[in-house]
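*Asks:* Going left to right, the sequence shown walks through residues 43 to 192 as our numbering numbers them.
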Amino acid sequence: MSRSARYTGPFGDGQHDFQLRIAELEELQELTDAGPEEVFHRISEGRWRVADIRETIRLGLKGAGMVALTARAMVDRYAGPGQLADNKELATCILAAALVGAPDEDVPSGEMQGESDPSPDESSGSQTSTKSAVPSATRRRKSAKAASGS
43 MSRSARYTGP FGDGQHDFQL RIAELEELQE LTDAGPEEVF HRISEGRWRV ADIRETIRLG
103 LKGAGMVALT ARAMVDRYAG PGQLADNKEL ATCILAAALV GAPDEDVPSG EMQGESDPSP
163 DESSGSQTST KSAVPSATRR RKSAKAASGS
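1. Are the Cβ atoms of Ala47 and Ala110 separated by less than 7 Å?
2. Within a Cβ cutoff of 6 Å, which residues of the same chain sit near Met116, ignoring the five residues on either side of it in sequence?
3. Measuring straight from C-alpha to C-alpha, what distance separates Gly105 and Leu70?
4. Between the C-alpha atoms of Gln61 and Glu97, what's the straight-line distance to the nearest angstrom?
5. For Gly105, does the three-state DSSP call read helix, strand or coil?
6. Based on Cα-Cα distance, which residue from Ala144, Leu126 and Gly102 lies nearest to Glu68?
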């Protein structure tokens, strides 16, 4: 079962859907000269470039079904000069959804969140021992020569 990696969030005039499919991720790579995870880290670490934010949002709108010209117009209107830093969180959410899935997305069966392998104590069914271990070796006796000091 595949995940849609669709994110819905606030942008400009309201809530919008964003989705970076393979075609949009490849276009983002070409436009930013970096892979999607690198773009994510650049934005998260404050090393972003203008295209990192604007193109992530534009391509996310386009990937979710918005007409390309409408997506470009929205980015020009709501992610222009003086608005770029305000859109950092949105861009990282769009990229995170593409990389690992959206936070509100159902997890496919067999991938329960928070599920992990039980510790050996939890899985064995036996009680934990509180006895200290018995040393496996015995002390050697000193030789007669060592005992006499010669």
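Just so it is clear, CB atoms sit at the ideal spot from N, CA and C, and this is done for glycine as well.
*Replies:* Based on what the coordinates show:
1. Translated into positions along the sequence shown, residue 47 becomes position 5. Translated into positions along the sequence shown, residue 110 becomes position 68. In this structure, Ala110 does not lie closer than 7 Å to Ala47 by Cβ.
2. Position 74 of the sequence shown, counted from the first residue, corresponds to residue 116. Cβ neighbours of Met116 beyond the five flanking positions: Gly54.
3. Within the sequence shown, residue 105 is the residue found at index 63, counting from 1. Within the sequence shown, residue 70 is the residue found at index 28, counting from 1. Taking the straight line from one Cα to the other gives about 12 Å.
4. The count along the sequence shown starts at 1 and reaches residue 61 at position 19. The count along the sequence shown starts at 1 and reaches residue 97 at position 55. Using only the alpha carbons, I get a separation of about 12 Å.
5. Mapped onto the sequence shown, residue 105 falls at position 63. Gly105 falls in the helix class under three-state DSSP.
6. Residue numbering aside, residue 68 sits at position 26 when the sequence shown is read from its first letter. With distances taken between Cα atoms, Glu68 lies closest to Gly102.
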